[in-house]
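Peer 1: Numbering of the sequence shown is given in the numbering used here, commencing with residue 9 and proceeding in unit increments. Backbone N, C-alpha and C fix where the C-beta goes; we use that ideal spot for every residue, glycine too. Here it is, the structure in full.
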Amino acid sequence: MITLSERDQQRLSALVALKAGQISPSEAASALGMSVRQLRRVRERFDDEGVAGLPHRGRCKRPANACPPELAGQVTSLYRERYPGTNQEQFTEFLLERHGIDLSRSTVRRYLALEGIGAPMPQKRSRHRRRRVRRAQEGALIQMDGSTHDWLEGRGQHLTLIGGIDDATNKVWARFYTSEQMNGYFEVIRTIVEENGIPAAIYTDRTALMLSERRTEKQEKYLSHLSKALQRMGVALIQARSPQAKGRIERLWRTMQDRLVSELRAIDVKTLEGANRALAIYLRRHNMRFRKEAFNPDPAWRPWDLALGVEDTLCWVFPRVVRLDNTVTINNQVLQLEPGADGASWARKRVSVHQRPDGSLTVLHQTTSIPHRLYSATSEAESAA
Numbered sequence: 009m010i011t012l013s014e015r016d017q018q019r020l021s022a023l024v025a026l027k028a029g030q031i032s033p034s035e036a037a038s039a040l041g042m043s044v045r046q047l048r049r050v051r052e053r054f055d056d057e058g059v060a061g062l063p064h065r066g067r068c069k070r071p072a073n074a075c076p077p078e079l080a081g082q083v084t085s086l087y088r089e090r091y092p093g094t095n096q097e098q099f100t101e102f103l104l105e106r107h108g109i110d111l112s113r114s115t116v117r118r119y120l121a122l123e124g125i126g127a128p129m130p131q132k133r134s135r136h137r138r139r140r141v142r143r144a145q146e147g148a149l150i151q152m153d154g155s156t157h158d159w160l161e162g163r164g165q166h167l168t169l170i171g172g173i174d175d176a177t178n179k180v181w182a183r184f185y186t187s188e189q190m191n192g193y194f195e196v197i198r199t200i201v202e203e204n205g206i207p208a209a210i211y212t213d214r215t216a217l218m219l220s221e222r223r224t225e226k227q228e229k230y231l232s233h234l235s236k237a238l239q240r241m242g243v244a245l246i247q248a249r250s251p252q253a254k255g256r257i258e259r260l261w262r263t264m265q266d267r268l269v270s271e272l273r274a275i276d277v278k279t280l281e282g283a284n285r286a287l288a289i290y291l292r293r294h295n296m297r298f299r300k301e302a303f304n305p306d307p308a309w310r311p312w313d314l315a316l317g318v319e320d321t322l323c324w325v326f327p328r329v330v331r332l333d334n335t336v337t338i339n340n341q342v343l344q345l346e347p348g349a350d351g352a353s354w355a356r357k358r359v360s361v362h363q364r365p366d367g368s369l370t371v372l373h374q375t376t377s378i379p380h381r382l383y384s385a386t387s388e389a390e391s392a393a
């Protein structure tokens, strides 16, 4: 039994009328939307095969470039067993990178849909907002934030991803920490500076990490250590007043809470150290895939030209006045300062104690580093004896 489509039925009616002399070949061709030459071929096939010659030759035939039927089962099995919850575009990338299966996203989506597997993260409709124009130069603006999330999906502790994204190019720098902490911001900014130079501005929210809310008399007195470090570097600090205001990095967190979580799940990461190793590999691929070209090819990075090094600038800084016994205290520890040039005393001098992210301490008088040691009453008594 031959089933004719609506198009085939139109062709049959036109050919019957043409054969009966009711219409001319040009009229039949015009009615069917084809040339007279094509009509001639269709009529010859109709004369030879009858109604069976009207349907398209490819109907009910398997395409030459069709994927093997067993491939659909392999794809759905991989998704269920190794990549559950992964978004379909990233799963398509995994198939090619890790299993050598080269399929289009639409094919993968179709295979999964046949098994009742839909997209894991449906898009929500949001209210209309106007997009802010990107900065023209790389290094002109870095958006920074921290994202506390169950990155390991219960396989380990909750972690916080602290990172920054360049506004002009979408390049990302990030690292995992046990919590949102000042040292994390110090280390990520240090990585950015050592790789590229000093950015013109950093854009972040109004957290206590960046700027204390106790600003009644002198704002500078209550600036956080990170804000002061940025001031010393000549970096403008721009404060966002809502999550939507820093939308670029908020979208980055959504992307990474999808794609990065799938990566960590696929290789069964359970620790902070393992998460940071996997993150370094992920960021290389992420930056290759999502990085954009800046409108202005001349970057805005500035070379490091400060008297102090990066490690003594991006750190906790505590001002102190040296006691008469040439000691200063920090974190309930007493630091004994060694004599200066020609045995000079540091008593009553104003110094700064710099605590680096790794916990090491440096004592500076202006830009001069002062040798020191940790004072211990027990060791001093033993030395005196």
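#1: Under the assumption that LEU167 contacts THR186 (Cβ atoms under 8 Å), give the Cβ distance between them as a whole number of angstroms.
#2: Just to confirm before moving on: does the CB-CB distance between THR375 and ALA315 stay below 9 Å?
#3: Alpha carbon to alpha carbon, how far is GLU35 from HIS64?
#4: Exposed or buried, GLN1, counting other C-beta atoms within 10 Å across all chains shown (16 or more means buried)?
#5: Check whether the stretch 296 to 316 and the stretch 141 to 151 touch, using three or more Cβ-Cβ pairs below 8 Å as the test.
#6: What ranges does the alpha helix (DSSP H) occupy inside the stretch 13 to 42, keeping only unbroken runs of at least 4 residues that lie completely in it?
#7: Over the uninterrupted alpha helix (DSSP H) stretch that includes VAL50, give me the two end residues.
#8: Between which two residues does the alpha helix (DSSP H) carrying ARG273 extend?
#9: Name the DSSP beta bridge partners of ASN304, please?
#10: Measure the C-alpha to C-alpha separation of ALA352 and ARG273 and round it to an integer number of angstroms.
#11: How would you label ALA37, buried or exposed, when you count the other beta carbons within 10 angstroms and need 16 or more for buried?
#12: Going by DSSP, name the residue or residues bridged to ASP153.
#13: Do you know how far the Cα of ALA237 is from the Cα of TRP261?
#14: What is the rounded straight-line gap between the Cα of GLY8 and the Cα of HIS294?
#15: Please report whether the beta-carbon of GLN151 lies at a distance below 9 Å from any beta-carbon of chain B.
#16: If I follow the unbroken beta strand (DSSP E) through VAL329, where does it start and stop?
#17: Taking C-alpha atoms, which residue in VAL342, TYR193, LEU343 and VAL269 lies nearest to THR321?
#18: Buried or exposed for GLY154, please, with buried defined as at least 16 other CB atoms from any protein chain shown within 10 angstroms of its CB.
#19: Does the separation of the CB atoms of LYS278 and LEU160 fall below 9 Å?
#20: Can you name the start and end residues of the alpha helix (DSSP H) that VAL201 belongs to?
#21: Compute the beta-carbon to beta-carbon distance between SER360 and VAL325, rounded to the nearest angstrom, for a pair I have assumed lies under 8 Å.
#22: Check the DSSP bridge columns for THR335 and list the partner residues they point to.
#23: To the nearest angstrom, how far is the alpha carbon of GLN363 from that of LEU245?
#24: Near HIS233, what residues of its chain come up, given a Cβ to Cβ distance below 8 Å and the 5 sequence neighbours on each side ignored?
#25: Can you tell which of THR335, VAL371 and SER377 has the C-alpha that lies nearest to the C-alpha of ALA355?
#26: Taking the beta carbon of VAL180 as the centre, do at least 16 other beta carbons fall within 10 Å, making it buried, or is it exposed?
#27: Which of helix, strand or coil does DSSP assign to VAL318?
#28: May I have the straight-line CA-CA distance separating MET152 from PRO207, to the nearest angstrom?
Peer 2: This is what the structure gives:
#1: Reading the sequence shown from its first residue, position 159 is the one you call residue 167. Reading the sequence shown from its first residue, position 178 is the one you call residue 186. Their Cβ separation, rounded to whole angstroms, is 7 Å, which keeps LEU167 and THR186 in contact under 8 Å.
#2: Here residue 375 refers to the residue found at position 367 of the sequence shown. Here residue 315 refers to the residue found at position 307 of the sequence shown. Between THR375 and ALA315, the gap from beta carbon to beta carbon is short of 9 Å.
#3: Counting from one through the sequence shown, the residue named residue 35 turns up at place 27. Counting from one through the sequence shown, the residue named residue 64 turns up at place 56. C-alpha separation (whole angstroms): 22 Å.
#4: Outside the modelled stretch of the chain, which goes from 9 to 393, sits residue 1, for which no answer is possible.
#5: Touching, per the Cβ criterion.
#6: 14 to 27 and 33 to 40, all fully within the stretch 13 to 42.
#7: Residue numbering aside, residue 50 sits at position 42 when the sequence shown is read from its first letter. For VAL50, the enclosing alpha helix (DSSP H) starts and ends at 44 to 57.
#8: Here residue 273 refers to the residue found at position 265 of the sequence shown. First-last of the alpha helix (DSSP H) with ARG273: 255 to 274.
#9: By one-based count along the sequence shown, residue 304 stands at place 296. ASN304 pairs with GLN145.
#10: Translated into the one-based positions of the sequence shown, residue 352 becomes position 344. Translated into the one-based positions of the sequence shown, residue 273 becomes position 265. Rounded to the nearest whole angstrom, the C-alpha separation of ALA352 and ARG273 is 60 Å.
#11: Reading the sequence shown from its first residue, position 29 is the one you call residue 37. In summary, ALA37 is buried, with 16 or more beta-carbon neighbours lying within 10 Å of its beta-carbon over all protein chains present.
#12: Position 145 of the sequence shown, counted from the start, is the residue given in the question as residue 153. When DSSP reads this structure, ASP153 sits in a beta bridge with GLY171.
#13: In the sequence shown, the residue the question calls residue 261 occupies position 253. In the sequence shown, the residue the question calls residue 237 occupies position 229. Straight-line Cα distance between these residues: approximately 26 Å.
#14: As shown, the chain starts at 9 and ends at 393. That puts residue 8 outside it, with no answer to give.
#15: In the displayed structure, chain B is absent; only one protein chain is listed.
#16: In the sequence shown, residue 329 corresponds to position 321, counting from 1. Its beta strand (DSSP E) spans residues 324 to 329.
#17: On the sequence shown, residue 321 is found 313 positions in, with the first residue counted as 1. Answer by Cα proximity: TYR193.
#18: The count along the sequence shown starts at 1 and reaches residue 154 at position 146. Counting Cβ neighbours within 10 Å, GLY154 comes out buried, since at least 16 surround it.
#19: Translated into positions along the sequence shown, residue 278 becomes position 270. Translated into positions along the sequence shown, residue 160 becomes position 152. A contact, by the Cβ cut-off of 9 Å.
#20: Here residue 201 is taken as the residue at index 193 of the sequence shown, counted from 1. Per DSSP, VAL201 belongs to the alpha helix (DSSP H) from 190 to 203.
#21: For the purposes of this step, residue 360 is taken as the residue at position 352 of the sequence shown. For the purposes of this step, residue 325 is taken as the residue at position 317 of the sequence shown. Between SER360 and VAL325, the beta carbon gap of about 5 Å places them in contact (Cβ cut-off 8 Å).
#22: Translated into the one-based positions of the sequence shown, residue 335 becomes position 327. DSSP, once it has assigned bridges, lists GLN344 as partnering THR335.
#23: Position 355 of the sequence shown, counted from the start, is the residue given in the question as residue 363. Position 237 of the sequence shown, counted from the start, is the residue given in the question as residue 245. Going from the Cα of GLN363 to the Cα of LEU245 covers about 22 Å.
#24: Mapped onto the sequence shown, residue 233 falls at position 225. Only MET190, CYS323, TRP324 and VAL325 meet the Cβ criterion.
#25: Here residue 355 corresponds to residue number 347 of the sequence shown, with the count starting at 1. Of the listed residues, the one whose Cα sits closest to ALA355 is THR335.
#26: Counting from one through the sequence shown, the residue named residue 180 turns up at place 172. Counting Cβ neighbours within 10 Å, VAL180 comes out buried, since at least 16 surround it.
#27: As a position in the sequence shown, residue 318 is number 310, starting the count at 1. Coil at VAL318, not helix or strand.
#28: The residue given as residue 152 occupies position 144 in the sequence shown. The residue given as residue 207 occupies position 199 in the sequence shown. Each residue's Cα considered, the two are about 12 Å apart.
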